[in-house]
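**Student:**
Residue numbers (mature numbering (1 follows the signal peptide of the UniProt record, and there is no 0)): -30 to -1, 1 to 58.
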């Protein structure tokens, strides 16, 4: 019986570690679902923007509408951030 009483705390610790690791993995995968509002440039400098489709900030292909590239806004509100294709 003494052997089992030493085993139970170690089993509980192992179960807790597995639970913590599985929740960490789930939270890092949640980033893939984030959509970013995309804009079309109304002038070459990107200071005037028109709302367009939702895009993402990761992926290989550029986010486009037809052959026109879709941009994201920077901190100053200019449409100069490259967005990528949303794979949903």
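All C-beta atoms, glycine included, are put in the ideal place defined by N, C-alpha and C.
Is the Cβ-Cβ distance between residue 36 and residue 23 less than 7 Å?
**Tutor:** Not a contact, by the Cβ cut-off of 7 Å.
**Student:** Mapping the DSSP letters down to three states, classify residue 53 as helix, strand or coil.
**Tutor:** coil
**Student:** At a cut-off of 6 Å, is residue 29 close to the ligand MG when judged by its beta-carbon and the heavy atoms of the ligand?
**Tutor:** Among the components modelled here there is no ligand, and therefore nothing to report on the ligand MG.
**Student:** Can you have a look at residue 30 and say buried or exposed, based on whether 16 or more other CB atoms are within 10 angstroms of its CB?
**Tutor:** In this structure residue 30 is exposed. Its beta-carbon is surrounded by fewer than 16 other beta-carbon atoms within 10 angstroms.
**Student:** Around the C-beta of residue 18, are 16 or more other C-beta atoms found within 10 angstroms, so that it is buried, or is it exposed?
**Tutor:** Looking at its Cβ environment, which holds fewer than 16 other Cβ atoms inside 10 Å, residue 18 is exposed.
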